[in-house]
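Chemist: Heads up: the protein sequence lines correspond to chains A and B, in order.
Those letters in the first sequence? Residues 193 to 630, per the numbering used here, in order.
Those letters in the second sequence? Residues 193 to 630, per the numbering used here, in order.
Yeah, the Cβ is synthetic: ideal placement off N, Cα and C, and Gly gets one too.
Number of protein chains: 2
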Amino acid sequence: MTVPQIPKGFRDFLPQKMTVRKRVISLMTEVFESFGFEPLDTPCLEYAETLEGKYGEEGEKLIYKFEDRGGRNVALRYDLTIPLCRVVSAYPELIKPFKRYQIAPVWRADKPQKGRFREFYQCDIDIIGTESVYAEGELLAITDTVLRRLDFDNFLIRINNRKVMNAFALCCGLQTKDFTPFLRSLDKLDKIGSEGVLKDLADIGILNSKLEKSLTDFIINHSVGSDPLSEMASIVAQTEEGEEGMAELEIIRDSLSAYGVSEDNYIFDFSLARGLDYYTGPVFETIVKEPKIGSITGGGRYDNLIGLFSKNTIPATGSSFGLERLVTVLEEQEAEKNVYGNTQVLITCFDDPLMKENMKAAAILRDSGIKTEIYFEKIKLRKQLTYAANRLINFVIIMGPDEVMEKKLTLRDMTLGTQETVLQKDMVEKIKSRLLKK
Amino acid sequence: MTVPQIPKGFRDFLPQKMTVRKRVISLMTEVFESFGFEPLDTPCLEYAETLEGKYGEEGEKLIYKFEDRGGRNVALRYDLTIPLCRVVSAYPELIKPFKRYQIAPVWRADKPQKGRFREFYQCDIDIIGTESVYAEGELLAITDTVLRRLDFDNFLIRINNRKVMNAFALCCGLQTKDFTPFLRSLDKLDKIGSEGVLKDLADIGILNSKLEKSLTDFIINHSVGSDPLSEMASIVAQTEEGEEGMAELEIIRDSLSAYGVSEDNYIFDFSLARGLDYYTGPVFETIVKEPKIGSITGGGRYDNLIGLFSKNTIPATGSSFGLERLVTVLEEQEAEKNVYGNTQVLITCFDDPLMKENMKAAAILRDSGIKTEIYFEKIKLRKQLTYAANRLINFVIIMGPDEVMEKKLTLRDMTLGTQETVLQKDMVEKIKSRLLKK
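(1) Any Cβ of chain A within less than 7 Å of the Cβ of ALA450/B?
(2) Quick one: list the residues of chain B neighbouring SER324/A, beta-carbon separation under 7 Å, in chain order.
(3) Assuming contact is defined by CB atoms lying nearer than 7 Å, are ARG517/B and ILE539/B in contact in what I supplied?
(4) Along chain B, which residues have their Cβ under 8 Å away from the Cβ of MET210/A?
(5) Tell me the rounded alpha-carbon separation between LYS617/A and ASP271/A.
(6) I need the DSSP call for THR613/A, collapsed to helix, strand or coil.
(7) Going by the DSSP bridge assignment, what does THR602/B pair with across the sheet?
(8) Going along chain A in order, which residues have a C-beta closer than 9 Å to the C-beta of PHE258/B?
(9) Starting from MET606/B, find everything on chain A with Cβ-Cβ shorter than 9 Å and list it in chain order.
(10) On the criterion of 16 or more Cβ atoms from any shown chain inside 10 Å, does ILE444/A qualify as buried, or is it exposed?
(11) Can you tell me whether CYS315/B is helix, strand or coil according to DSSP?
(12) Mapping DSSP to helix, strand and coil, what is VAL416/A?
(13) Closer than 7 Å between beta carbons: that is the criterion. Which residues of the region 568-602 of chain B meet it against chain A?
(14) Compare the C-beta of THR535/A against all C-beta atoms of chain B and say whether one is closer than 7 Å.
(15) Below 9 Å on C-beta distance, what does CYS236/A contact in chain B?
(16) Going by alpha carbons, who is nearest to ALA662/B out of LEU342/B, ALA296/B and ARG292/B?
(17) Can you look up LEU348/A in the DSSP assignment and give me helix, strand or coil?
(18) Helix, strand or coil: which one does DSSP assign to ARG583/A?
(19) In this structure, how does DSSP classify LYS291/A when only helix, strand and coil are distinguished?
(20) For ILE334/B, is the classification buried or exposed, using 16 other Cβ atoms within 10 angstroms of its Cβ as the cut-off for buried?
(21) Within the 7 Å Cβ cut-off, does THR273/A reach chain B?
(22) Using the beta-carbon of each residue, which ones in chain A are nearer than 9 Å to VAL216/B?
(23) Relative to the alpha-carbon of LEU546/A, which residue among ILE566/A, PRO235/A and SER377/A has its alpha-carbon at the smallest distance?
(24) Using a Cβ-Cβ cutoff of 9 Å, what residues of the region 544-557 of chain A are near chain B? List them in chain order.
(25) Which same chain residues end up closer than 8 Å to ARG310/B when comparing Cβ atoms and leaving out the 5 residues on each side of it in sequence?
(26) For THR221/A, name the three-state secondary structure that DSSP assigns.
(27) So for PHE309/B, helix, strand or coil by DSSP?
(28) Between ASN550/A and the rest of its own chain, which residues show a CB-CB distance below 6 Å, the 5 nearest in sequence each way excluded?
(29) Which residue comes first and which comes last in the alpha helix (DSSP H) that contains PHE360/A?
(30) May I ask you to list the residues that DSSP assigns as paired with LEU268/A?
(31) With a threshold of 7 Å between beta-carbons, can VAL519/A be considered close to chain B, or not?
(32) Using a Cβ cut-off of 7 Å (strictly closer), state whether VAL620/A contacts chain B.
(33) Enumerated in chain order, which unbroken segments of the alpha helix (DSSP H) with a length of 4 residues or greater are wholly contained in the region 533-586 of chain A?
(34) Note down, in chain order, all residues in the region 333-365 of chain A with a beta-carbon under 9 Å from any beta-carbon belonging to chain B.
(35) Would you give the residue range spanned by the beta strand (DSSP E) that GLU455/A belongs to?
(36) Taking only beta-carbon atoms, is THR242/A less than 7 Å away from chain B?
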């Protein structure tokens, strides 16, 4: 008999992995809610046409489409942004600004390969219904808070603005129709290098000498400068869009300062393009130095996207955390640390008549917030201790007939390998004080 | 332009609904973990053949199957039990007993109608690798704990045992091959009544006078008796399976007593069949009197199911909570109560220069665990207060230039409609003490 496989690009998450994933999810939930975001859930399945034409040429191919048994074209959701836009259009009664978070799986019909999956989680925060760039300041403060609280060693939030880049392109002599091709080329900078980008721009016929010089001076050789904002302002501020975009970046800088975000944690980086065509204002992503896994968050303003579904355009901005990449970084950072399981106490099984005492003790421990498991079968004590050790359980409680009679128990500390006799009435206090020291 | 629809039988959950759903999920998670259960996640998609042939004739039709773009037959998971069995077979290294929980959506190709959906959540706990019926005692203690902590007014856990029912059928003169048809008929009791069941049994040719009499006496007219266990024992105890089954029910009774589960909350009910063919021992479900929505939990022992995927049979037992039905009951119970939103404080926007002060105050409140939102746009104060009222936010903080200069703020209690001037340094303490009183 062969054990059934799961489809390629899909994964099981066993408890040890899940414990890390759940820790990240609950930390994010806590931070998102602390900023006033509320939960939303949408179906895993959407009509294919709801998703089609939204993700650009490359994205379009990756929509996980199929025909259902009624012959309807449906698709597993590609991301959480388009379903959100659909929801905002479908429920005009939602109070604006509408600040929602959603942490849920998405699907891509991608070729499965190392680090690329067909099913993975996105964790999105979006603010719908305000043109204010304080919204972006908040999204970035949240990004900083989440990553600091996860003890990330080394992260950098890169910030740019589509308006500034459009103004830059305009000031370098490009026409409006060339803005998107220009950004698509720039987006490949990390992959193909500056030579590659310049060649790419030449190939599509939009490279001129002014663009080449400005691009080289201000963008390619200038990811870290003394004051990138004022230098860029000197190029683009004479255009209306450039002035607007620079003012927005100033508001973001002021917001991050007011929120106390360290200047080491973010940078204004005019080489940041972000792939998606639908961004209209500030764009941002977060990278980590180690491990090399690309961006761990990404987002931006998309003021025209909801208009595709609705009579009214509604301004919107959002950011997405990639759960898998966050977990990869955490696992790398924590590889050295001692990891404990969820369960804190195992009560061993002496024999059937005494099981009632175990259940009573377990009920008391659980009511005190101590995660407690009972062993159900009368096997050798040594084997029960091995089970506790393998499960990474901190303490073992042993109660035989003598202990029960004397209202005592033996408490074994699995980390230290020591054990002591404790009065049953002191059990909770004893374990709690010991757990605090771990 | 028409707003896109979502496929029939699928649902959006807006924040107000989601808040209740998340509250139930996090309470369940807490209780499950307090009993030593660990999280597992499996793909939403499985190969169709993994699921086929497991859910009986009716279930088979409801598997949400489709062909993927590579021509493979896949299916959205039907439940969380079969994926668990696959996982247990695929990872023999998992330490046994393996106690896992999983809270996740499942799909059915059902005809969408009131209260029936194609996508809904199951919340499962299972214990794999022990034949001990203390496992069932624990599953039922968890059921009781979850429902009590959700303040359920009126619930009843019904408990039976397939071994007892087989012995009962045997003692009434049925052959082994007739046991399953007998249980399938009995399973319809709530729908078609006792007349219906007797007719059904006669139609399939397995009704005899002894079965008719015993069924009428001990099951149909006997859902509540003085001591149903000893009365049933008098019929079935002469068979080995009957004796075993009755002993298991005694262990469950003793466990529930040790865990302190109220006798009002459970009943041994020999009319309980539970639809699925794969159960082998104890079976159980929970019903509520109001609203009339069928069972809110269900489960049982399935010692032979994992053997379908693996060389070794591995004993297993589990229980499943239906999230949608739990939420329906809660919403009915709480309809009268005042519901508050997630967010506790709104800081209003006076003008741009003062926004920095708002962000600083918000950061302090959030660090103290108070969920705080900033209003981003300078609109009339009255409109900002309306926003706070509509969002069900408890407090509003107003800071104009005078307040900022004097390091004060105006704190408005949205429930009472009162406001007072507070020193900024006392803000956290003030709000926390007021929140405690709500």
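Modeler: With the structure as the only source:
(1) As a first step, residue 450/B must be located in the second sequence, where it is residue number 258. Yes, ALA450/B lies at the interface with chain A (some Cβ there is under 7 Å from its Cβ).
(2) Position 132 of the first sequence holds residue 324/A. What SER324/A touches in chain B: PHE568 and GLU569.
(3) Taking the first residue of the second sequence as position 1, residue 517/B is located at position 325. Taking the first residue of the second sequence as position 1, residue 539/B is located at position 347. No, the Cβ-Cβ distance between ARG517/B and ILE539/B is not below 7 Å.
(4) Numbered from its first residue, the first sequence carries residue 210/A at position 18. Those within 8 Å of MET210/A in chain B are GLU230, PRO231, LEU232 and ASP233.
(5) Along the first sequence, one-based indexing puts residue 617/A at 425. Along the first sequence, one-based indexing puts residue 271/A at 79. So the alpha carbons of these two residues sit roughly 53 Å apart.
(6) Counting from 1 along the first sequence, the entry for residue 613/A is found at position 421. For THR613/A, the three-state secondary structure derived from DSSP is strand.
(7) Along the second sequence, read from residue 1 onward, the residue named residue 602/B stands at position 410. Answer is ILE590/B and THR613/B, bridged to THR602/B.
(8) By one-based count along the second sequence, residue 258/B stands at place 66. Result: PHE258, GLU259, ASP260, ARG261 and VAL266.
(9) Against the second sequence, residue 606/B aligns to sequence position 414. Here the premise fails: no neighbours, minimum Cβ distance about 14 Å.
(10) Reading the first sequence from its first residue, position 252 is the one you call residue 444/A. Per the 10 Å Cβ criterion, buried.
(11) On the second sequence, residue 315/B is found 123 positions in, with the first residue counted as 1. Three-state result, CYS315/B: strand.
(12) As a first step, residue 416/A must be located in the first sequence, where it is residue number 224. Legend: pLDDT at VAL416/A = 49, less than 50; position of this residue unreliable, no value from coordinates given.
(13) The residues in question are PHE568, GLU569, TYR579, ASN582 and ARG583.
(14) Counting from one through the first sequence, the residue named residue 535/A turns up at place 343. For THR535/A, the answer is yes, since a Cβ of chain B falls inside 7 Å of its Cβ.
(15) Along the first sequence, read from residue 1 onward, the residue named residue 236/A stands at position 44. In chain order: PHE202, CYS236, LEU268, PRO297, TRP299 and GLU311.
(16) Chain B is shown only over 193 to 630; residue 662/B falls outside these bounds and no answer can be derived.
(17) Here residue 348/A is taken as the residue at index 156 of the first sequence, counted from 1. DSSP places LEU348/A in strand when its eight states are reduced to three.
(18) Taking the first sequence and counting its residues from 1, one reaches residue 583/A at position 391. If DSSP states are grouped into helix, strand and coil, ARG583/A belongs with coil.
(19) For this step, residue 291/A is matched to residue 99 along the first sequence. Strand at LYS291/A.
(20) The count along the second sequence starts at 1 and reaches residue 334/B at position 142. Result: buried.
(21) For the purposes of this step, residue 273/A is taken as residue 81 along the first sequence, with counting starting at 1. Not closer than 7 Å to any Cβ of chain B, the Cβ of THR273/A fails to qualify, so no.
(22) Within the second sequence, numbered from 1, the residue matching residue 216/B stands at position 24. Neighbours of VAL216/B on chain A: none; closest Cβ ~12 Å, over 9 Å.
(23) Here residue 546/A is taken as the residue at index 354 of the first sequence, counted from 1. Measuring from the Cα of LEU546/A, the nearest candidate turns out to be ILE566/A.
(24) Those residues of the region 544-557 of chain A that come within reach of chain B (Cβ to Cβ, closer than 9 Å) are ASP544, MET547, LYS548, GLU549, ASN550, MET551, LYS552, ALA554, ALA555 and LEU557.
(25) As a working mapping, residue 310/B is identified with position 118 in the second sequence. Excluding positions up to five away in sequence, the list reads PRO199, LYS200, GLY201, PHE202, TYR256, TRP299, ARG300, ALA301, ASP302 and PRO304.
(26) To locate residue 221/A, count along the first sequence from 1; it is residue 29. Of the three classes helix, strand and coil, the one that applies to THR221/A here is helix, per DSSP.
(27) One-based indexing of the second sequence puts residue 309/B at position 117. Looking at PHE309/B - three-state DSSP - the assignment turns out to be coil, as it is neither helix nor strand.
(28) Residue numbering aside, residue 550/A sits at position 358 when the first sequence is read from its first letter. The residues are ILE539 and ILE566.
(29) Residue numbering aside, residue 360/A sits at position 168 when the first sequence is read from its first letter. It spans 354-363 - the alpha helix (DSSP H) in which PHE360/A sits, taken as one unbroken run.
(30) In the first sequence, residue 268/A corresponds to position 76, counting from 1. LEU237/A and TYR256/A, per the DSSP bridge assignment.
(31) Within the first sequence, numbered from 1, the residue matching residue 519/A stands at position 327. Answer no: the Cβ-Cβ gap between VAL519/A and chain B never drops below 7 Å.
(32) On the first sequence, position 428 is the one that residue 620/A refers to. Answer no: the Cβ-Cβ gap between VAL620/A and chain B never drops below 7 Å.
(33) 547-559 and 573-582
(34) ALA333 and THR337
(35) As a first step, residue 455/A must be located in the first sequence, where it is residue number 263. GLU455/A -> no beta strand (DSSP E), and no H or E assigned at all.
(36) Along the first sequence, read from residue 1 onward, the residue named residue 242/A stands at position 50. Yes - at least one Cβ of chain B is within 7 Å of the one on THR242/A.
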